[in-house]
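Report on the structure given below.
In this note's numbering, the protein residues as written are 599 to 990.
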């Protein structure tokens, strides 16, 4: 038995030694491979840098390099960094060496990963001649490829592809439709006319497009957004109202005022916020009435909007004596959070008697509205705060 145990130990020791040697050799091979790749990349970086300056690809050598994935990676890294004439020179060279054709060929691969990689690469290259091929990829069976094709088209920025992106959206789930909307946002103003036409149609993602138009903020979308306010779709009305805060003009104000009477609180809340961004004084009486809305969000947004409208602070101060306690609370909360109340504390030290009196009046109203704690924390004397509470 002892001899058997010794033999087993010797065998195990041999296995450990063999494993250690194999691991050492593997690390050595892996390290050598990494060093070779690093040297190759350094050579490619120098070559592409000279190419950008020289503008001459040296056709045959360039095509030989194009077959190397490390070289393609270096070219794409340069594409991300370059702009203007330097980028155009590299793009021309990429066409000459067949690199763009290689990526286009990858679009036809049966392998999903290769198609994804090819679409992403074409997005980095951003060659306008590939738009038709990328539009075709919007119909790929793989959702990720469709989304990446949309991103690539946005990177190229050809407005003629916007209509195809909108058509593709109709066949996506909500998550991927949102990602295509992100691509449309990347187009910016160029996408607005086609997106406005979509909004006037019957597409199922009109609320998403209304939101995206608001993010772009181009007033050319105003007509389509105002029209969307009368839709039976609550989400569309809400998104269109919010968008008009950024993509509207004074012409949109009457429609937004009417929307403060919408049956859905979400729509009323967004209309109130949009009116604040429009800063139109005619909205003041409407927003003040909205301080008594049954929805907390509508009251809050109406009060916050009044802060933005010239003359709105006076309406908020007057609302501190409103018979509706909800209106008083909404007005007080926003006067505190917006810094108006803090400014009143500072104004108590003003050399101007008129400013001091106005500050005391505001603080007194806020104290009576139950906000004394704010001023105590701000350092006002408790006896002084109590005196303001009793002030008529």
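Backbone N, C-alpha and C define an ideal beta-carbon position, used for all residues, glycine too.
For residue i, which residues from the same chain have a beta carbon less than 6 Å from its beta carbon, with the 5 sequence-adjacent residues on both sides left out?
i, result
"residue 875", "843"
"residue 956", "none"
"residue 748", "763, 778, 781"
"residue 835", "827, 829, 865"
"residue 977", "none"
"residue 837", "805, 808, 809"
"residue 895", "867"
"residue 796", "764, 807"
"residue 923", "none"
"residue 724", "753, 754"
"residue 1063", "Residue 1063 falls outside the range modelled here, since the chain spans only 599 to 990, and no answer is possible."
"residue 940", "none"
"residue 943", "976"
"residue 936", "905"
"residue 989", "962"
Is DSSP giving residue i helix, strand or coil here?
i, result
"residue 912", "helix"
"residue 923", "helix"
"residue 897", "helix"
"residue 944", "helix"
"residue 868", "helix"
"residue 792", "helix"
"residue 836", "helix"
"residue 712", "helix"
"residue 644", "helix"
"residue 775", "helix"
"residue 657", "Confidence is the limiting factor: at residue 657 the pLDDT is only 48, short of 50, which leaves the residue's position unreliable and the question unanswerable from this model."
"residue 986", "helix"
"residue 751", "helix"
"residue 959", "helix"
"residue 976", "coil"
"residue 803", "coil"
"residue 827", "coil"
"residue 907", "coil"
"residue 680", "coil"
"residue 707", "coil"
"residue 798", "coil"
"residue 810", "helix"
"residue 981", "helix"
"residue 734", "helix"
"residue 662", "helix"
"residue 724", "coil"
"residue 860", "coil"
"residue 740", "coil"
Can you list, in chain order, the residues of its chain with a C-beta nearer than 7 Å to that of residue i? Leave out the 5 residues immediately preceding and following it.
i, result
"residue 775", "767, 803, 806"
"residue 983", "965, 970, 973, 974"
"residue 816", "787, 790, 845"
"residue 720", "701, 728, 732, 750"
"residue 833", "805"
"residue 926", "917, 918, 920, 967"
"residue 633", "none"
"residue 657", "For residue 657, the predicted model reports a pLDDT of 48, less than 50, meaning its position is unreliable and no value from the coordinates is stated."
"residue 596", "Any property of residue 596 remains undetermined from this structure, which presents the chain solely from 599 to 990."
"residue 822", "794, 797, 798"
Using only CA atoms, which one of the options lies nearest to residue i?
i, options, result
"residue 638", "672, 812, 698, 926", "672"
"residue 878", "850, 794, 861", "850"
"residue 987", "962, 979, 980", "962"
"residue 793", "765, 772, 725", "765"
"residue 740", "758, 757, 770", "770"
"residue 945", "933, 960, 931", "960"
"residue 903", "893, 921, 927, 872", "872"
"residue 746", "726, 761, 713, 648", "713"
"residue 855", "869, 861, 862", "869"
"residue 687", "696, 652, 921, 949", "652"
"residue 685", "646, 662, 907", "646"
"residue 911", "630, 932, 899", "932"
"residue 811", "798, 690, 783", "783"
"residue 814", "934, 893, 841, 892", "841"
"residue 722", "818, 670, 664, 642", "670"
"residue 666", "734, 703, 642", "642"
"residue 938", "951, 801, 831, 958", "958"
So, at 8 Å on beta carbons, what are the nonlocal neighbours of residue i in its own chain, with the 5 sequence-adjacent residues on each side left out?
i, result
"residue 848", "876, 878"
"residue 737", "744, 766"
"residue 892", "863"
Would you check if the stretch 675 to 690 and the stretch 700 to 712 touch, i.e. whether three or more CB-CB distances between them fall below 8 Å?
Not touching, per the Cβ criterion.
Meets three-Cβ-pair contact criterion under 8 Å: the stretch 879 to 886 and the stretch 825 to 832:
The stretch 879 to 886 and the stretch 825 to 832 do not touch, with fewer than 3 CB-CB distances between them shorter than 8 Å.
Note to self: Taking contact to mean 3 or more Cβ pairs, one atom from each stretch, closer than 8 Å, check whether the stretch 909 to 922 and the stretch 883 to 898 are in contact.
What the structure shows: Judged by Cβ distances under 8 Å, the stretch 909 to 922 makes contact with the stretch 883 to 898, as three or more pairs qualify.
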